[in-house]
C-alpha cells in the first residue's frame, strides 16, 4: 500500500499558540529548577541546624570544677546590663574561659570555602560561635541576638545568623541617598547585648589627664556637651567578597569570610557628641604620649579559644582633626537600634566600618594601637614576602596591653 502524506493547511493562530505554550513551559521548567535549588539549600540548612543542636548537647554544661558557669561568667554584674560579660578587666576569667574551651571539641573550621557558591542565598549557620557561647553558659546571648534580628531586620539578606551579618538588598540600597535603619547593613562579630540606657555609663581611661565615667543622661545634655550631626557612609571592607571568593576561595571561616555581595554599605545621619569634645570636657584632655584611642564594646568576641570584648582603635590625629568622629546615640532621627549599638556607638568617618565600634562602654587612650585581634590580626593585608608578619600579629593579639 503506498504511503499517504497528509498535509494540513497552515494555521498562523495555531503556530502562535504553540509558540506561546512552549515559552510558558520553558518558564515553568526554569521556576521548577529554581525551586529545586532552593529546596536543596533549605535541606542543607535543616541538616546544619540538626548538627548544631547535636553539637550543643555535646558542649553544654552548667558548671566547671564545681563552680556554676553563671558565677564564673556573670552577665548581671552591672544592673541593667544583659548579654554582657566583662573580659578585658578580668584576666583570670579569660584564662578559665580558654581552659574550658580547650577541653571541648567544636565544629572544625572548614579548610577552605567550596566553590561554586550556591545561586540562592542560604543563611550560613555560625556553628562554632554558638558553641563557644553555649560552652561558657552564654546561650541566652545567642537567643536574644536572633530575636533582635527578626524584630529589627526581618527583610535583610541574611548571610550569617550568628554573629549576625546582614546585607542590604540592592533595591533598598538605591532607593534613597539615606539608608533606612531597617535596611542598613549589619556586620557583627559577637552577640547583641541588651543594655538599659538609664543604667549605662561610658568609662574613659588610659593616658588621659583625669579618668572619667559619663552617664548617658549627661552625655545627651547639650548644656554639658555640644551635639553634632554627621552624615556618614559606612562600608564593610569585605564588600563584594563573593567575587573574591570565586577567584580565590580562602579559608572557610564563615565570620571572617562572609560572602558579601555589594550590599555591605549604607549611609545614615548620626547624632551625638564629637569625641574630642568629650575627652576635653570630661577628662581635661589626653596626655602627650597618647597616640591612639581604643574603643571597647560590650559584645563578646572569640578568637581561637580566646575570649575578648570587641576592641579596635584609631589614631588620635584622626579624632583631633575635626568633629566628625562621634559618640552617637541617634541614627536617622531615631534612637540607635539595638543591632546597631544601642545605646552608644562610635562613628568614624573615612575608616572601614570595623572601626565604628558598637555598644561602646569604654575608651582608652593608648601609646600604641589596640592589640585586640580585630585590630592587630584581622583586616590586614600583607604581600607574599611578609607572611611571617601576619603570624606575628596574630600571636601578639593574644597579649593585649
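Residue numbers (full-length UniProt numbering): 1 to 401. For each residue, glycine too, the CB sits at the ideal point set by N, CA and C.
Check: Run through DSSP, which three-state label would residue 148 get?; Outcome: helix
Check: I need the boundaries of the beta strand (DSSP E) containing residue 133, first residue and last residue.; Outcome: Segment 127-135 is the alpha helix (DSSP H) holding residue 133; no beta strand (DSSP E) there.
Check: Near residue 128, which residues of its chain fall below 6 Å by C-beta distance, leaving aside the five closest residues on each side in sequence?; Outcome: 106, 107
Check: Considering only residues of the region 160-185, which uninterrupted beta strand (DSSP E) runs meet the minimum length of 3 residues and lie entirely inside it, listed in chain order?; Outcome: 165-167
Check: Report yes if the CB atom of residue 149 is closer than 9 Å to the CB atom of residue 164, and no otherwise.; Outcome: yes
Check: Taking the runs of the alpha helix (DSSP H) that are 4 residues or longer, which of them lie wholly in the region 189-246?; Outcome: 216-219
Check: So what's residue 286 in DSSP terms, helix, strand or just coil?; Outcome: strand
Check: Going by Cα to Cα distance, which pick from 186, 67, 126 is closest to residue 336?; Outcome: 186
Check: Could you give the first and the last residue of the continuous beta strand (DSSP E) run that contains residue 267?; Outcome: 265-274
Check: Would you report the Cα separation of residue 20 and residue 232, rounded to the nearest angstrom?; Outcome: 51 Å
Check: Beta-carbon separation of residue 234 and residue 363 under 9 Å?; Outcome: no
Check: Please identify the residue among 201, 261, 199, 175 whose C-alpha is closest to the C-alpha of residue 160.; Outcome: 261
Check: For residue 223, count neighbouring C-beta atoms within 10 Å of its own C-beta (all shown protein chains included) and say buried if the count is 16 or more, exposed if not.; Outcome: exposed
Check: Checking the sheet assignment: what are the DSSP bridge partners for residue 331?; Outcome: 270, 334
Check: Does the region 346-366 touch the region 285-296, meaning 3 or more C-beta pairs lie closer than 8 Å?; Outcome: yes
Check: With 16 other CB atoms within 10 Å as the buried threshold, where does residue 26 fall?; Outcome: exposed
Check: Which same chain residues end up closer than 8 Å to residue 316 when comparing Cβ atoms and leaving out the 5 residues on each side of it in sequence?; Outcome: 286, 290, 291, 292, 293, 365
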